[in-house]
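All remarks here apply to the structure that follows.
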């Protein structure tokens, strides 16, 4: 069942007196209930602007956002949960006091014990907000997004700046929330994050939506090959030229030969027959990073 | 619709923030105390050698009773001040504002028995004139610190109201606290009202504590009612907070807001009668000072303290403060922006 429908969304910003920037350029997509929907793209792609229009925080220049088929209205604030990309909290309040403050804004709230357990806040409830680590602060912000027991939760780059362990812990929290049949709308520029937690993704670049579907669907659609990598020193130059293989990490001491293959067994047999040593070989399927590179011609982190 | 639960939650949160920020709390308490104690020491000595003598209808006395008045009026090192009304002159004498009061037409004079200077200037007067009827008045003298007290406390309230509200809102806006709050059902009115009431509570708590604490060892002069003083102080603070909200209603830049707040506070600090009276100032300057909320707060409080004025006596100042508050609040609420757009 579709819970959010976005039709021909356009948003202009006035960058100077004479110049307008089109931050979102005719974007349309749908989000299914109970799914985790990922909006992917590099910084400046228009993800945050799009998600903030969906949240009712900013107005679109044109286009339509429908919740359950009805236009966005003022009451949406009590039905959705939001975790912004950059949010400060009141410095001198404790975690518990912040939860109490935000609880008082809503008519209906989730049980605090349940929320504290769900977001793993128990160990630092009495700590001042300004003394929280990055991961703890993101967990508190997630709790605030869930405080009104919303059907839809918006998470805008929730793991940016977190260390790898904190990121993985956060992914588990997202999965726990999804298990409660909530719809999650997530923006990220981490492709591994999208692959781990998203059921559907939409890829944005320069304000435009360039692809949409499930991660697996998109990878199958765009990639038939797997990648085989071997250290450059082990592969004769003649062989590289003959097969038109790519050499990656040029100018580094760790040059790799990239071999695209539709049949791994056949390629390995060929390499053995050519007496190429297989030490250091590794095989990799295409991922969303590769997809983004293929679709836009540049990497996500460019 | 205004939701009191949400309002009280934000009010409580803001108060907790303020009282837990020890450095800010300490400075808010310490600054006015330092000023009051400093001024009480600086102006505790007798800086002037001359005596001040009030004369009822001075010019008329000099012309209609030239023989009687000429001798004493020619005395050196005595300032003669003209008064048209006896009761005002008597109040000044009782407050040690003048040292002697003479009515040449009725051949009467008044001394303040609590004032050593009054005793001495009476001796000088009697050496020149003998057949005047002596009247006695009593009263504790007004020191400069008593006169300056409403100004110093008012100025501290002004800084706390303007910077405490203006900077906090701009900081909230800049670091997206406002944006986060906007994403909840909290309305702008609830948020702004909570900030306003919280700051009013904080300012009145701090000012009352400073006044009561300093009064223990500085023993301030007070002719009027403490309740009236509280009312005019609260209305003045409300007006200044509203002005702070107006200054901070849209900006996201702390630097710009700091400049605007300085632009707002400096004229009030200099022209609202905090440090000196504007009685002799040009009419244009006096008219401009009437546009400043602090002028009415200080003038109202000073009249209560030094003249025993009631709320009805200072109704002009109260009405002006109420009108200004309404205007600032209306404009602040109209232009208020959560600043969700870039």
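Chains as they are written, first to last, in my numbering: chain A, 2 to 303; chain B, 384 to 725.
All C-beta atoms in this analysis are idealised placements derived from N, C-alpha and C, irrespective of residue type, glycine included.
(message) Can you check which of these residues, 32/A, 14/A, 3/A and 43/A, is closest to residue 206/A by C-alpha distance?
(response) Ranking the options by Cα distance to residue 206/A, first place goes to 43/A.
(message) Please give me, in chain order, every unbroken run of the beta strand (DSSP E) with length at least 3 that falls completely inside the stretch 545-633 of chain B.
(response) Not a single unbroken stretch of the beta strand (DSSP E) spanning 3 or more residues falls wholly within the stretch 545-633 of chain B.
(message) Run through chain A and tell me which residues come within less than 7 Å of residue 640/B, C-beta to C-beta.
(response) Correct list: empty, because the minimum Cβ distance to chain A is about 17 Å.
(message) According to DSSP, is residue 520/B part of a helix, a strand, or is it coil?
(response) Under the three-state reduction of DSSP output, residue 520/B falls in the strand class.
(request) Kindly list the residues whose CB is nearer than 7 Å to the CB of residue 430/B, restricted to its own chain and excluding five residues on each side of it in sequence; keep chain order. (result) Residue placement at residue 430/B is poorly supported in this model, since its pLDDT is 45, which falls under 50; the coordinates still yield a value, given next. In the same chain as residue 430/B, and ignoring 5 residues on each side of it, no C-beta atom comes closer than 7 Å to its own.
(message) Given this structure, state the Cα-to-Cα distance separating residue 34/A from residue 106/A, to the nearest angstrom.
(response) Counting only the Cα atoms, residue 106/A lies some 25 Å from residue 34/A.
(request) Could you tell me if residue 180/A is buried or exposed, where buried requires 16 or more neighbouring beta carbons within 10 angstroms of its beta carbon? (result) By the neighbour-count criterion, in which 16 or more other beta carbons inside 10 Å mark a residue as buried, residue 180/A falls on the exposed side.
(request) Would you mind sorting residue 670/B into buried or exposed? The rule is 16 or more other CB atoms within 10 Å of its CB. (result) So residue 670/B ends up on the exposed side.
(request) Give the secondary structure of residue 411/B by DSSP, where H, G and I count as helix, E and B as strand, and everything else as coil. (result) It is helical.
(request) Please list, in chain order, all residues of the same chain as residue 62/A whose beta carbon is under 6 Å from its beta carbon, the five residues on each side excluded. (result) Within the same chain, residue 62/A has close Cβ partners 11, 12 and 13.
(message) Am I right that residue 38/A and residue 199/A are in contact with their C-beta atoms under 8 Å? What's the rounded C-beta distance?
(response) That belief holds up - the Cβ atoms of residue 38/A and residue 199/A are roughly 7 Å apart, short of 8 Å.
(message) Beta carbons nearer than 9 Å to chain A: which residues of the stretch 396-424 of chain B have them?
(response) Those would be 396, 397, 399, 400, 401, 402, 403 and 404, in chain order.
(message) Could you check whether residue 490/B and residue 516/B sit closer than 8 Å to each other, using their CB atoms as the reference points?
(response) For residue 516/B and residue 490/B, yes; Cβs fall inside 8 Å.
(request) Under 7 Å Cβ to Cβ from residue 613/B, same chain only, skipping five residues before and after it: list those, please. (result) So no residue of the chain qualifies.
(request) Determine the chain B residues that contact residue 58/A at a beta-carbon separation under 8 Å, and present them in chain order. (result) Annotation: Cβ neighbours of residue 58/A in chain B (cutoff 8 Å, chain order): 562, 565, 566 and 723.
(request) Excluding the 5 residues preceding and the 5 following residue 259/A in the sequence, name in chain order all residues of the same chain whose CB lies nearer than 8 Å to its CB. (result) Once the five neighbours on either side are set aside, the close Cβ partners of residue 259/A are 228, 229, 230, 246, 247, 248 and 249.
(request) Within its chain, find whatever has a CB closer than 6 Å to the CB of residue 634/B; leave out the 5 residues flanking it on each side and keep chain order. (result) So the list reads 553 and 640, once near-sequence residues are dropped.
(request) Specify whether the stretch 644-658 of chain B and the stretch 591-602 of chain B touch according to this definition: at least 3 beta carbon pairs, one from each stretch, less than 8 Å apart. (result) Result no; under three Cβ-Cβ pairs closer than 8 Å.
(request) Counting only the same chain and skipping the five closest in sequence on each side, list residues whose C-beta sits under 7 Å from that of residue 432/B. (result) Bear in mind that the predicted position of residue 432/B carries a pLDDT of just 47, short of 50, making it unreliable; the figure below should be weighed with that in mind. The answer, listed in chain order, is 460.
(request) Pair every Cβ in the stretch 141-153 of chain A with every Cβ in the stretch 71-88 of chain A, then say whether three or more of these pairs are closer than 8 Å. (result) Contact holds: three or more Cβ-Cβ distances are below 8 Å.
(message) Suppose contacts are defined by Cβ-Cβ distances below 8 Å. Is residue 96/A in contact with residue 7/A by that definition?
(response) Cβ distance not < 8 Å, so residue 96/A and residue 7/A don't count as in contact.
(message) Please list, in chain order, the residues of the stretch 70-84 of chain A that have any C-beta partner in chain B closer than 7 Å.
(response) So the close ones are 78, 79 and 83.
(request) Give the DSSP-derived three-state secondary structure of residue 172/A in the structure shown. (result) For residue 172/A, the secondary structure class from DSSP, reduced to helix, strand or coil, is helix.
(request) Find the residues of chain B that neighbour residue 91/A, judging by a C-beta separation of less than 9 Å, and give them in chain order. (result) Under a criterion of Cβ atoms nearer than 9 Å, the residues of chain B adjacent to residue 91/A are, in order, 396, 397, 399, 400, 555 and 560.
(request) May I ask you to report which of helix, strand or coil DSSP gives residue 429/B? (result) Any reading at residue 429/B needs caution, since the residue's pLDDT is 48, under 50, leaving its predicted position unreliable; the model's value is listed next. In the structure shown, residue 429/B sits in coil (DSSP, three-state: anything other than H, G, I, E or B).
(message) Following a CB-centred definition, is residue 296/A positioned closer than 7 Å to any heavy atom of the ligand COA?
(response) This structure simply doesn't include the ligand COA, nor any ligand for that matter.
(request) Pick out whichever of 197/A, 190/A and 2/A has its Cα sitting closest to the Cα of residue 47/A. (result) Closest in alpha carbon position to residue 47/A, among 197/A, 190/A and 2/A, is 190/A.
(request) Could you work out which residues of chain A lie near residue 392/B, taking near to mean beta carbons separated by less than 9 Å? (result) Residues of chain A whose Cβ lies closer than 9 Å to the Cβ of residue 392/B are, in chain order, 101, 102, 103, 104, 105 and 106.
(message) Rounding to the nearest angstrom, what Cα-Cα distance links residue 155/A and residue 57/A in this structure?
(response) Note on geometry: alpha-carbon atoms of residue 155/A and residue 57/A lie some 12 Å from one another.
(request) Pull up the distance between the alpha-carbon of residue 680/B and that of residue 534/B, whole angstroms please. (result) Between residue 680/B and residue 534/B, the alpha-carbon positions lie close to 9 Å from each other.
(request) Quick one: grab the DSSP three-state call for residue 9/A. (result) In the three-state scheme derived from DSSP, where H, G and I count as helix and E and B as strand, residue 9/A is classed as strand.
(message) Looking only at its chain, what residues have a beta carbon closer than 6 Å to the beta carbon of residue 403/B, apart from the 5 residues adjacent to it on each side?
(response) Taken in chain order, the list of residues that qualify is empty.
(request) Could you please give me the residues that DSSP links to residue 232/A through a beta bridge? (result) DSSP links residue 232/A through a beta bridge to 257/A.
(request) Kindly indicate which three-state DSSP category residue 636/B falls into: helix, strand or coil? (result) Coil, per DSSP.
(request) Please check if any C-beta of chain A sits within less than 8 Å of the C-beta of residue 569/B. (result) Closer than 8 Å: yes.
(request) Would you verify that the beta carbon of residue 374/B is, or is not, closer than 8 Å to some beta carbon of chain A? (result) Outside the modelled stretch of chain B, which goes from 384 to 725, sits residue 374/B, for which no answer is possible.
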